[in-house]
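One line per chain: the protein sequences are F and P, in this order.
Using our numbering, you'd call the opening residue of the first sequence number 4 and step up by one each time.
Using our numbering, you'd call the opening residue of the second sequence number 399 and step up by one each time.
Glycine is no exception: its CB is placed at the ideal position from the N, C-alpha and C atoms.
Worksheet: one structure, shown below.
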Amino acid sequence: MFEFKRFLRTAVTVAAVTASASAAFAQAEYKLMAPAAPGGGWDQTARSMQQAMVASGAAKSVQVNNVAGAGGTIGIAQFVNGSKGDPNALMVGGFVMMGAILTNKSPVGLDRVTPIARLTGEYEAIVVPANSPIKTAKDLVAALKADTAKVTWAGGSAGGVDHIAAGLIAKAAGVDATKINYVPFSGGGEALAAVLSGQVTAGISGYGEFEGQIKAGKLRLIGMTSAERLPDVDGPTLKEQGVDVVIANWRAVFAAPDLTADQKKATLAAIEKMAKSKEWQDILKQKGWADTYLAGDAFAAYLKTENEVVSDMLRSIGLVK
Amino acid sequence: MFETFAALGNGFALALQPDKLLFALVGVFLGTAVGVLPGIGPALTVALLLPITFKLDPTGSLIMFAGIYYGGMYGGSTTAILINTPGESASMATALEGNKMAKAGRGGPALATAAIGSFVAGLIATIGLAFLAPSLVELAISFTAADYFALMVLAFVTVSATFGASPLRGLTSLFIGLSLGIIGIDKLTGQQRLVFGIPDLSDGVEVTTLAVALFAVGEALFVASRHKAVTEKIEAVRGSLWMTKEDWKRSWKPWLRGALLGFPIGALPAGGAEIPTFLSYSLEKRLCKKPDEFGNGAIEGVAGPEAANNASAAGTLVPLLTLGLPTSATAAIMLAGFQQYGLNPGPLLFAEKPDLVWGLIASLFIANAMLLVLNLPLVGLWVRLLTIPQPWLYGGIMVFATMGTIAAKPSVVELGMLLVFGGMGFLMRRFDYPIAPVVIGLILGPLAETQLRRALTISLGDLSVLVKSPISIGLYVVAAIALLAPFVLTRLRDLGADED
Numbered sequence: 004m005f006e007f008k009r010f011l012r013t014a015v016t017v018a019a020v021t022a023s024a025s026a027a028f029a030q031a032e033y034k035l036m037a038p039a040a041p042g043g044g045w046d047q048t049a050r051s052m053q054q055a056m057v058a059s060g061a062a063k064s065v066q067v068n069n070v071a072g073a074g075g076t077i078g079i080a081q082f083v084n085g086s087k088g089d090p091n092a093l094m095v096g097g098f099v100m101m102g103a104i105l106t107n108k109s110p111v112g113l114d115r116v117t118p119i120a121r122l123t124g125e126y127e128a129i130v131v132p133a134n135s136p137i138k139t140a141k142d143l144v145a146a147l148k149a150d151t152a153k154v155t156w157a158g159g160s161a162g163g164v165d166h167i168a169a170g171l172i173a174k175a176a177g178v179d180a181t182k183i184n185y186v187p188f189s190g191g192g193e194a195l196a197a198v199l200s201g202q203v204t205a206g207i208s209g210y211g212e213f214e215g216q217i218k219a220g221k222l223r224l225i226g227m228t229s230a231e232r233l234p235d236v237d238g239p240t241l242k243e244q245g246v247d248v249v250i251a252n253w254r255a256v257f258a259a260p261d262l263t264a265d266q267k268k269a270t271l272a273a274i275e276k277m278a279k280s281k282e283w284q285d286i287l288k289q290k291g292w293a294d295t296y297l298a299g300d301a302f303a304a305y306l307k308t309e310n311e312v313v314s315d316m317l318r319s320i321g322l323v324k
Numbered sequence: 399m400f401e402t403f404a405a406l407g408n409g410f411a412l413a414l415q416p417d418k419l420l421f422a423l424v425g426v427f428l429g430t431a432v433g434v435l436p437g438i439g440p441a442l443t444v445a446l447l448l449p450i451t452f453k454l455d456p457t458g459s460l461i462m463f464a465g466i467y468y469g470g471m472y473g474g475s476t477t478a479i480l481i482n483t484p485g486e487s488a489s490m491a492t493a494l495e496g497n498k499m500a501k502a503g504r505g506g507p508a509l510a511t512a513a514i515g516s517f518v519a520g521l522i523a524t525i526g527l528a529f530l531a532p533s534l535v536e537l538a539i540s541f542t543a544a545d546y547f548a549l550m551v552l553a554f555v556t557v558s559a560t561f562g563a564s565p566l567r568g569l570t571s572l573f574i575g576l577s578l579g580i581i582g583i584d585k586l587t588g589q590q591r592l593v594f595g596i597p598d599l600s601d602g603v604e605v606t607t608l609a610v611a612l613f614a615v616g617e618a619l620f621v622a623s624r625h626k627a628v629t630e631k632i633e634a635v636r637g638s639l640w641m642t643k644e645d646w647k648r649s650w651k652p653w654l655r656g657a658l659l660g661f662p663i664g665a666l667p668a669g670g671a672e673i674p675t676f677l678s679y680s681l682e683k684r685l686c687k688k689p690d691e692f693g694n695g696a697i698e699g700v701a702g703p704e705a706a707n708n709a710s711a712a713g714t715l716v717p718l719l720t721l722g723l724p725t726s727a728t729a730a731i732m733l734a735g736f737q738q739y740g741l742n743p744g745p746l747l748f749a750e751k752p753d754l755v756w757g758l759i760a761s762l763f764i765a766n767a768m769l770l771v772l773n774l775p776l777v778g779l780w781v782r783l784l785t786i787p788q789p790w791l792y793g794g795i796m797v798f799a800t801m802g803t804i805a806a807k808p809s810v811v812e813l814g815m816l817l818v819f820g821g822m823g824f825l826m827r828r829f830d831y832p833i834a835p836v837v838i839g840l841i842l843g844p845l846a847e848t849q850l851r852r853a854l855t856i857s858l859g860d861l862s863v864l865v866k867s868p869i870s871i872g873l874y875v876v877a878a879i880a881l882l883a884p885f886v887l888t889r890l891r892d893l894g895a896d897e898d
């Protein structure tokens, strides 16, 4: 009997604590899923968010968990099934996930989660070895026109942002994008080694992957895929050289499906607080990520147009039929 | 050369401060702990600790990461030796002989040779890192896809060392592994193969899941099935707990050879830790004066692979520090740690931040020594594990294996694979098929395929690219020697016998 009373007392206390916590939702305890293994871009985004959300007071605590596999499609499937209507569940995702959903024909798409905000973007850099005869984007276009298959590209996984960007460049150059000779490498490291040793014509990846080697003079930056020149990058854009390709590897945060309007508003407010905080801005600078904050309905609209661009490109490089 | 010594001296002055030593100790302790626990690898540990280290100074946290890294590499061998559960694929070769030694009451010497071998190899590799990094990296990046393929061919040739008595059974096992390696998204085209609509299979079969299932689960089932027939008597300690003079004599050369294999292959951008451990295992088997002991607990088979494993860990730091190339998950997170302090590893790091680089290299030496200090006294404690009654021990192993798999990848499919492969491991033991070639096939198959196809994509299908570089040719020659030498030697011996 005594045991039962103690149980009741504990239960009441727990209920009271839970109630008071949910009343103060401005300081929620979030569970943030990084749909990739530790170490990758999404994991780093999630852990940076964790740090900035807590430091800026946007959240009381943030717990990061990794669900790796298949370009994030395993993570999103688990997120949609396991967190329906949970206002404290968040997930990191981005361009690569969008592509993976299409190529893997994943049954669970980005239309099943609640878009919150795009947070960062990394523009692609196209580099060649320092001793390459290719000096500008025009030379690269000329080489592509001469023999598309002879221009070998080294970048990240097949169907990823690097592959799509290479396809877009070929398209902008007026050659058949299905003919590009793209060599996928796992992780930026191996691709970098392949460019440095001159095994391939050009390398294509996030600027950060190549930065050290560009500054050391071992690689030449041919062009960036940003709309305008970036403050921290000493080099031209592709666009100003007449190759009209603008593409960024964006990363964003999503909330669980089936949230009420109020719950969505609270999450939007928390993420906005984080994105505007000094802590977050400092992290962006450290990591070399561009601030591409875009929230709510505007972000949802962006997702739609981006999805068309990506599926178009994947179709033309033959990954989606 | 003199400058390097002076810089290293400064590094030591930095790393030998009491608080830095404490960081190293904490790192090594944590690293060993997570290495022993299945499911939590060094990569995840470093990732979890990153936020904590925001408050520390760069040197302190990097020293701690170094400790975790080395500790994690070593910790995996403890479970491999004692309970035949390799916590990571690089400890698999260690499990082959190490567990046999443990069952024969020589768990103490096995753990000791692993610890001391890790230390010796770590030392050699760290010296290599300090003095050879800039020139080694030149060689490492000149390794083309075709050269990697040649390295894989060499590795395939040496797989036969793990075949046991029957080559036919060995090849059967190898081909099971190769077939499992085809499952998943094809790296070069992005197409799915043998996935059957199960998204969990799209990244292929996890090597650790397969290894734990075949080694640990399969064995637990096998022991359970034989329980009535024979009670295997395990003595925790038979003979000396420590390495005997004979053990030392048989260990020191494998340590050195393991380090010499592990460090350069670890420094290759796609080298990894598995290939040098296999190569070391086969090399030791070939060179061993008592080849019959291999398969029954030969100390060389523990000493060599363990040394290769740790040396390759130091090797991965070569491309990380000199090129900013992270070649393993742990290295990627360490890179994130560097960036957090506004440092960009790469060609300019040695020039721009010498204090930090040399502090890190010095702390690797310290972490390495710390590892030995921490682990040797624990050997006596660890071998007591073996005195646990068999039903409890194997019950515990099953729990441990299941928990670890779930912790690493929380999915029902993963657990299903563990059980199916566990059943397969049981049948293979029952019908006397070797299990190591399955895991080796799973590791080498996809690597060899990717590199071959990549080489041919770059060359636009021209096959001559495979034998173009001196590195490739050299590797093929070594492979040919490894393949033919045993036959030639036997023939020569026979000829010699005829003349008598």
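Extent of the continuous beta strand (DSSP E) run through L3/F: No answer is possible for residue 3/F: the residues shown for chain F start at 4 and end at 324.
Residues near T848/P by beta carbon distance below 7 Å, same chain, minus five either side: Sequence index remark: in the second sequence, residue 848/P carries index 450 (1-based). Same-chain partners within the cutoff: K585, L586.
Sheet register partners of N68/F (DSSP bridge): Walking along the first sequence from the start, residue 68/F turns up at place 65. Answer by DSSP bridge pairing, in chain order: M36/F.
Contact list for D46/F against chain P, beta-carbon separation under 7 Å: By one-based count along the first sequence, residue 46/F stands at place 43. Under the 7 Å cutoff, chain P gives A445.
T117/F (DSSP reduced to helix, strand or coil): Mapped onto the first sequence, residue 117/F falls at position 114. T117/F: strand per DSSP, three-state reduction.
Three-state secondary structure assigned by DSSP to Q849/P: Here residue 849/P is taken as the residue at index 451 of the second sequence, counted from 1. If DSSP states are grouped into helix, strand and coil, Q849/P belongs with the helices.
Collapsed DSSP secondary structure at A128/F in the structure displayed: Translated into the one-based positions of the first sequence, residue 128/F becomes position 125. Reduced to three states, the DSSP call for A128/F is strand.
Proximal residues of chain F, C-beta to C-beta of R981/P below 7 Å: Residue 981/P lies beyond the range of chain P shown here (399 to 898); nothing can be said about it.
Alpha carbon of M227/F to alpha carbon of G112/F, nearest angstrom: As a working note, residue 227/F is residue 224 in the first sequence. As a working note, residue 112/F is residue 109 in the first sequence. The alpha-carbon atoms of M227/F and G112/F are separated by roughly 30 Å.
Span of the alpha helix (DSSP H), counted from its first residue to its last, around G299/F: Mapped onto the first sequence, residue 299/F falls at position 296. Element bounds for G299/F: 299 to 319.
Chain-ordered chain P contacts of A161/F [CB-CB under 9 Å]: Within the first sequence, residue 161/F is the residue found at index 158, counting from 1. Here the neighbours are I583, D584, K585, L586, T587, G588, Q589.
beta-carbon G299/F near the ligand PLP non-hydrogen atom, thresh 7 Å: By its list of ligands, the structure shown contains no ligand whatsoever, and the ligand PLP lies outside what it can speak to.
Min CB distance G215/F to chain P below 8 Å: In the first sequence, the residue the question calls residue 215/F occupies position 212. Yes, G215/F counts as interfacial toward chain P.
Identity of the residue in A39/F, R50/F, Y33/F nearest V65/F by Cα: Sequence index remark: in the first sequence, residue 65/F carries index 62 (1-based). Per the Cα distances, Y33/F.
Where T228/F sits in the DSSP three-state scheme: The residue you call residue 228/F lines up with position 225 of the first sequence. Note: T228/F maps to coil in three-state DSSP.
DSSP-derived helix/strand/coil call for N708/P: Your numbering for residue 708/P matches position 310 in the second sequence. Looking at N708/P - three-state DSSP - the assignment turns out to be helix.
Min CB distance S540/P to chain F below 8 Å: In the second sequence, counting from the first residue as 1, residue 540/P sits at position 142. Yes, contact with chain F.
8 Å Cβ cut-off: residues of chain P touching Q202/F: Counting from 1 along the first sequence, the entry for residue 202/F is found at position 199. Simply T542, A543, I856.
Status (buried if at least 16 other CB within 10 Å, exposed otherwise) for M462/P: Translated into the one-based positions of the second sequence, residue 462/P becomes position 64. Per the 10 Å Cβ criterion, buried.
Strand pairing of V256/F, partner residues [DSSP]: Position 253 of the first sequence, counted from the start, is the residue given in the question as residue 256/F. Note: V256/F sits in a beta bridge opposite V95/F, A120/F.
Length-filtered (3 minimum) beta strand (DSSP E) runs lying within the region 752 to 830 of chain P: none
Chain P contact for L1/F (CB, 8 Å cutoff): Since the first residue of chain F shown is 4 and the last is 324, residue 1/F is not available in this structure.
Inside the region 644 to 674 of chain P only - beta strand (DSSP E) runs reaching at least 3 residues: none
Reduced DSSP category for N134/F - H, G, I as helix; E, B as strand; rest coil: Here residue 134/F is taken as the residue at index 131 of the first sequence, counted from 1. In the structure shown, N134/F sits in coil (DSSP, three-state: anything other than H, G, I, E or B).
Beta carbon proximity, A73/F to chain P, threshold 8 Å: What you label residue 73/F is simply residue 70 of the first sequence in a count that begins at 1. Yes, its Cβ sits closer than 8 Å to a Cβ of chain P.
Helix, strand or coil at T587/P [DSSP, three-state]: By one-based count along the second sequence, residue 587/P stands at place 189. DSSP places T587/P in coil when its eight states are reduced to three.
Neighbour list for S710/P in chain F, Cβ cutoff strictly below 8 Å: One-based indexing of the second sequence puts residue 710/P at position 312. Near S710/P there are no residues of chain F at all, since even the closest Cβ is about 15 Å away, more than 8 Å.
DSSP state of D892/P mapped onto helix, strand, coil: One-based indexing of the second sequence puts residue 892/P at position 494. Helix at D892/P.
Those residues which DSSP pairs with I207/F across a bridge: Within the first sequence, numbered from 1, the residue matching residue 207/F stands at position 204. Looking at the DSSP assignment, I207/F forms a beta bridge with I129/F.
Contact check, A411/P vs S761/P, beta carbons under 8 Å: Along the second sequence, read from residue 1 onward, the residue named residue 411/P stands at position 13. Along the second sequence, read from residue 1 onward, the residue named residue 761/P stands at position 363. No, these two residues do not count as a Cβ contact at 8 Å.
Proximity below 8 Å, CB of S200/F to CB of T492/P: The sequence position of residue 200/F within the first sequence is 197, counting from 1. The sequence position of residue 492/P within the second sequence is 94, counting from 1. For S200/F and T492/P, no; Cβs fall outside 8 Å.
Beta-carbon neighbours of A80/F, restricted to chain P and to distances below 9 Å: Residue mapping note: residue 80/F aligns to position 77 of the first sequence, counting from 1. Those are P597, listed as they occur along chain P.
Min CB distance L842/P to chain F below 8 Å: For the purposes of this step, residue 842/P is identified with residue 444 of the second sequence, where counting begins at 1. No, L842/P lies away from the interface with chain F (no Cβ there is under 8 Å from its Cβ).
Three CB pairs or more closer than 8 Å across the region 144 to 151 of chain F and the region 265 to 282 of chain F: no
Cβ of T117/F within 8 Å of any chain P Cβ: Numbered from 1 along the first sequence, position 114 holds the residue referred to as residue 117/F. No, T117/F lies away from the interface with chain P (no Cβ there is under 8 Å from its Cβ).
Assumed close pair L721/P, L195/F - CB separation to whole angstroms, cut-off 8 Å: In the second sequence, counting from the first residue as 1, residue 721/P sits at position 323. In the first sequence, counting from the first residue as 1, residue 195/F sits at position 192. Between L195/F and L721/P the Cβ distance is about 7 Å, and since that is below 8 Å, they are a contact.
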